[in-house]
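A quick write-up on the structure given underneath.
Residue numbers (our numbering): 56 to 422.
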């Protein structure tokens with residue numbers, strides 16, 4: 056069965072030959088340590104395909120954040136421990152360090168309300184070359200048999216990260232909700248226009264919305280703020296992208312139990328990463344919503360600290376809970392870390408490869 060067929064069957068709540076999988080590295084340092092590089096690769100596309108095969112993934116992701124796709128590198132330090140300072144299309148400036156992995160917004164363009172009116176985002180015509188390049192990537196991944204998801208951030212992250220900054224935006228959500236909503240509408244109107252053009256030209260199978268909204272203990276804001284500001288946009292995105300012929304996934308770290316019912320009701324097809332260390336009970340979510348959405352994730356972001364027995368028990372528990380009847384894609388909540396002992400890393404990769412075959416009785420794994 057091709058990977059794309061496997062994922063679609065899971066999304067249709069049918070049991071494919073194997074539970075679909077998406078796994079990744081937690082940071083560049085982990086990739087350097089564990090992944091066998093090949094200098095013959097001529098492009099990032101070849102590396103992505105090689106890494107996808109190596110992991111045994113069924114999904115491939117491409118980034119389509121509007122500000123990222125039109126950005127300018129201000130300072131670049133090359134090498135293994137290099138870093139970049141980048142000016143994004145809407146005026147934010149970010150610092151990204153490769154090793155140790157680190158990313159920070161160092162300038163937000165909206166310091167005062169009137170600053171929003173001064174931002175002149177690129178029109179769709181200025182994205183032509185980026186869309187053409189993206190279409191070539193998607194075509195290559197589709198031809199290789201993979202399910203392709205295009206990732207852009209959702210209304211909370213898009214606004215704080217590229218316009219206002221986290222502290223300022225959280226204060227706006229308390230003090231000036233009207234202005235907060237104006238910024239969200241600005242950000243998402245720009246993004247949805249571009250995304251629909253990308254869907255038409257590039258033909259990904261899904262759009263995945265990245266919208267982390269909490270810590271491992273609670274939300275960043277009260278549930279009423281979510282319902283007033285962010286849930287209406289999630290509903291609109293799901294509705295309009297579905298009309299364009301793609302699935303819609305929602306990625307959201309944090310303890311989202313207070314709003315999970317409303318996130319499901321927004322109409323998305325899958326939610327991840329379902330991290331138990333964010334207080335998400337996979338069995339409870341499967342029982343309540345497993346007939347309406349596909350559960351993606353479920354593997355602890357701390358899997359890198361587990362020993363062999365802990366890894367085996369945790370992975371088999373996740374598969375045993377969520378895989379029956381389809382509707383499950385397995386992945387860890389944070390990727391595999393660089394400081395995970397090599398033997399445990401290899402054991403995790405091996406057990407994921409061997410233990411996700413249907414029917415469920417095939418999930419037994421001998422030591």
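Note that beta-carbon positions come from the ideal geometry of N, C-alpha and C, so glycine has one too. Just so we're clear, the structure is a prediction, and the values are computed from it rather than from any experiment.
DSSP-derived helix/strand/coil call for residue i
i	result
residue 150	strand
residue 349	strand
residue 98	coil
residue 140	strand
residue 11	The requested residue 11 does not occur in the structure, where the chain is confined to residues 56 to 422.
residue 390	coil
residue 276	coil
residue 73	strand
residue 62	helix
residue 165	coil
residue 297	helix
residue 131	strand
residue 402	helix
residue 417	Residue placement at residue 417 is poorly supported in this model, since its pLDDT is 49, which falls under 50; the coordinates still yield a value, given next. Residue state, collapsed to three classes: helix.
residue 114	strand
residue 411	coil
residue 365	helix
residue 67	coil
residue 81	coil
residue 123	helix
residue 56	coil
residue 334	coil
residue 93	coil
residue 311	coil
residue 285	helix
residue 170	helix
Other residues of its chain near residue i: CB distance less than 7 Å, five sequence neighbours each side excluded
i	result
residue 402	363 and 366
residue 395	359
residue 376	337, 338 and 341
residue 291	none
residue 128	139 and 141
Close beta carbons around residue i, own chain, < 6 Å, minus the five adjacent residues each side
i	result
residue 234	168 and 227
residue 276	228
residue 345	382
residue 75	61, 62, 65, 113 and 384
residue 161	148 and 150
residue 132	138
residue 246	121 and 207
DSSP beta-bridge partners of residue i
i	result
residue 383	350
residue 159	150
residue 305	264 and 326
residue 269	274
8 Å CB neighbourhood of residue i in its chain, flanking five on each side removed
i	result
residue 58	75, 112, 113, 114, 200, 201 and 202
residue 312	334 and 335
residue 407	76, 78, 111, 370 and 385
residue 109	90 and 91
residue 82	154, 155, 156, 390, 392 and 393
Worksheet item: With a cut-off of 8 Å, do at least 3 Cβ pairs link the region 138–157 to the region 186–203?
Response: With fewer than three CB-CB distances shorter than 8 Å, the region 138–157 does not count as touching the region 186–203.
Item to complete: Report yes or no: do three or more beta-carbon pairs, one from the region 176–195 and one from the region 102–117, lie closer than 8 Å?
Response: yes
Worksheet entry | Secondary structure, alpha helix (DSSP H): runs of 4+ residues fully inside the region 184–263 | 210–214, 221–230 and 232–257
Discussion item. Does the region 121–129 come into contact with the region 173–184, if we say contact requires no fewer than three beta-carbon pairs (one atom in each stretch) closer than 8 Å?
Written reply: yes
Item to complete: Would you be able to state if there are at least three C-beta pairs under 8 Å between the region 327–337 and the region 304–313?
Response: yes
Worksheet entry | Three CB pairs or more closer than 8 Å across the region 91–108 and the region 217–225 | no
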